[in-house]
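2 protein chains.
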Amino acid sequence: MAAVHMTLQEIAKRANVSTATVSRTINRVPTVNPVLARRVRRVIEKEGYYPNTHARALASGQSRILGLLVSEITNPFFPEIVETFAKLGFQHNYEIVLGSISQDPRLLAVAVRQMIERRVDGIAILTFGGEDPLIKMFNARNVSVFAVDRDCPGPLLRTVRIDYEHGIREAVQHLAALGHVRIAFIAGPAHLKTAALRKDAFERCMEEIGLQVPPGLLVEGDHTLQAGVKAISELASLPDRPTAVVCSNDLTAIGVMRQAFELSLNVPRDLSVVGFDDIPLAQFMIPPLTTVQMSQIGIASIAFRALLNSTKVQAIETNLVLRCSTTLAPGRLRTVQHWRA
Amino acid sequence: MAAVHMTLQEIAKRANVSTATVSRTINRVPTVNPVLARRVRRVIEKEGYYPNTHARALASGQSRILGLLVSEITNPFFPEIVETFAKLGFQHNYEIVLGSISQDPRLLAVAVRQMIERRVDGIAILTFGGEDPLIKMFNARNVSVFAVDRDCPGPLLRTVRIDYEHGIREAVQHLAALGHVRIAFIAGPAHLKTAALRKDAFERCMEEIGLQVPPGLLVEGDHTLQAGVKAISELASLPDRPTAVVCSNDLTAIGVMRQAFELSLNVPRDLSVVGFDDIPLAQFMIPPLTTVQMSQIGIASIAFRALLNSTKVQAIETNLVLRCSTTLAPGRLRTVQHWRA
DNA sequence: CTGTTAGCGCGTTCAA
DNA sequence: TTGAACGCGCTAACAG
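Chains as they are written, first to last, in the working numbering: chain A, 26 to 366; chain B, 26 to 366.
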């Protein structure tokens, strides 16, 4: 029985050329005699030859592999990113290895080791927390890194600035305009930089328009559905409970809506809810979730391009998208009715 | 400037042993003198040496890479699978390369080529449609494949039988018991075997209990949110519209609930809805979605174990999990009230 | 138990 | 323009 995989040599033999010519043909070196090239291609086609990537990587020193490190693939925010990152990879003939799909630090360590052993040409670290040591480690090994919200980029560290404040300001002012005063914020995990920035932006935007945010209305979550459930339960039991809540991500907001339903709080009548991310499911919630959009596709493509050396620095916008989970504050509603009568 | 990556040779030199000894130490060959082994390990540790996977694969003929081909990573059904598959991979020191994350056939072709070039040791193809040619292709290259619902497994084709019928029967009988008679089914794409099997099971289970399913109540979708929206719009405009609908997956069901809201149909009062898959979000819908559970973790681990040669054949169960999206049929409700009065 | 050595499949010089 | 030969970093005989 023949070997399952052809090799360059066998192709060369069958095409009556040297291995060098086959190699050149495959790599589209322009100086190859077109006649020979065609002959080689025919043989490759006929034999169903696929070059061995490991041998290529070994000989060339380039793996053509990009790593993608993602914190929680079960958060619907990430699959979008994975999808477009992988698509771009395929288009540019890069392979993508996916790492550390969950929070487990042991698995993270394994993933990182695998990527180094695999000699990835670059790596995108998305929405982690504690990525600093990782970045140092990769850079020390000469592999370039993309990460969000880093302060001092360099030749080996690419980044993008995300303007959280714009979208969050829109959200806050939208709620204020609807008459809300007691507006709560359910934050993400404190160690996550992106979460901290969102929280800061919220506080700043509240202050801008002279609104207080008492400590009780600022609760920390962890960007999960459960966090939303828990947070709104606490918030709802407050003596002076909020009439609106802004969440650090959509998953949290969905948890809030779900638990509000359980508590017989009607969204938006009794409680206005705003999310963050605009995951695809947001518009399919009941009611459809008003949220701050941050383009997943945008982030993924910037990450990819950054790793491919296009140094063009860009920024990511965030914008409020109005749907149906917010409305007039309860008090405001009554006033209007009164005035009408 | 020193080379960024150490090599086996350099480690050997620094540890005063041969490369073979270093290699044996790394691969935990038990016959290595513990003293030497320790010395080698110290050097490896000190120098931060990571073996080059490509060289290893080339020399050993084993890539220790498993492929995972998934049709739509943005369907929340899949991230769970990816996560547990990858976790198991990490635990067994396998790398996972993720392919064809979307429906685009061009990208699928690229992904397949990459996997072959990468000489994956095995591949799991999950919920595709048109996987037969892929299976043949991989098997011809001597790589073993795992796929769901295949008829004739063999040494190179592992599979698992999924008992769709059990869960779907529970769903149908649950609805029938609640007094529903006009029960619609929103199917998945016809070319998808798993979708076809679900539809067949539904029809059989209806017939079993003497319920008709007129052609108009059997509509084909494509397992997306949009498909649910579209299908329920059609169904709702029927003169004799269904009082309950079973969906071929949860995404479809969520689309149905969303559009029902738009049409002012209250779920479950006016329309009972049952999903299929039990994605994590199902219980966070409003109302929480009653659905047929099919364990994503179960499927992923069976796939992984099957590829690791544990030939233990297993089956996957499906079971109805009752939540709040179903209730008595409208007629039945009135009868009860009448009888009470 | 250890070291020497020959490849694994490919890219890439260097001559021709 | 083409081909012969070497080396990428590692594993696996084989000999000692």
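Heads up, the beta-carbon is just placed ideally off N, CA and C, and yes, glycines get one too. Keep in mind it's a predicted model, so treat the numbers as computed, not measured.
| Query | Result |
| --- | --- |
| Span separating the alpha-carbon of residue 323 of chain B from that of residue 236 of chain A | 50 Å |
| Identity of the residues DSSP links to residue 316 of chain B by a beta bridge | B/300, B/346 |
| Beta-carbon separation (whole angstroms), residue 350 of chain B vs residue 314 of chain B, contact threshold 8 Å | 5 Å |
| Chain B within 8 Å of residue 293 of chain A, Cβ atoms only | no |
| Inter-residue CB distance, residue 343 of chain B and residue 191 of chain B (contact presumed, cutoff 8 Å) | 6 Å |
| Nearest residue (CA-CA) to residue 167 of chain A, options A/174, A/155, A/182, A/177 | A/182 |
| Which listed residue (A/148, A/279, A/68) has its alpha carbon closest to that of residue 249 of chain A | A/279 |
| Coarse secondary structure for residue 280 of chain A, derived from DSSP in three states | helix |
| Segment contact flag, the stretch 78 to 92 of chain B with the stretch 103 to 120 of chain B, C-beta cutoff 8 Å, min 3 pairs | yes |
| Cβ of residue 232 of chain B within 8 Å of any chain A Cβ | no |
| Short Cβ contact (8 Å threshold) for residue 82 of chain A with residue 144 of chain A | yes |
| Residue nearest to residue 263 of chain B in terms of C-alpha spacing, selected from B/99, B/303, B/208 | B/208 |
| Interfacial residues, the stretch 52 to 84 of chain B to chain A, with Cβ spacing under 9 Å | 73, 75, 76, 77, 78, 79, 80, 81, 82, 83 |
| Chain B contact residues for residue 126 of chain A, given Cβ-Cβ distances below 7 Å | 107, 108, 111 |
| Contact belief for residue 9 of chain B with residue 201 of chain B at Cβ below 8 Å, rounded distance in angstroms | One cannot answer for residue 9 of chain B here, as it falls past the ends of chain B, which runs 26 to 366. |
| CA nearest to the CA of residue 69 of chain B, picked from B/169, B/101, B/34 | B/34 |
| Euclidean distance between Cα positions of residue 254 of chain A and residue 197 of chain A | 22 Å |
| For residue 304 of chain A and residue 102 of chain A, the rounded distance between their alpha carbons | 6 Å |
| Sequence-distant residues of the same chain with beta carbon closer than 6 Å to residue 217 of chain A, five excluded per side | 154 |
| Reference residue 325 of chain B; option with closest CA among B/173, B/60, B/205, B/213 | B/173 |
| Chain A within 8 Å of residue 142 of chain B, Cβ atoms only | yes |
| Limits of the beta strand (DSSP E) - the one that residue 289 of chain B falls within | No beta strand (DSSP E) holds residue 289 of chain B; DSSP gives it neither H nor E. |
| Same chain only: Cβ atoms within 8 Å of residue 229 of chain B, ignoring 5 sequence neighbours per side | 190 |
| Residue environment, residue 260 of chain A, which counts as buried when at least 16 other CB atoms sit within 10 Å | buried |
| Alpha helix (DSSP H) runs contained entirely in the stretch 73 to 110 of chain A, provided each spans 4 or more residues | 78 to 85 |
| Option in A/67, A/160, A/86, A/193 with minimal Cα separation from residue 180 of chain A | A/160 |
| Three-state secondary structure (DSSP) of residue 219 of chain A | helix |
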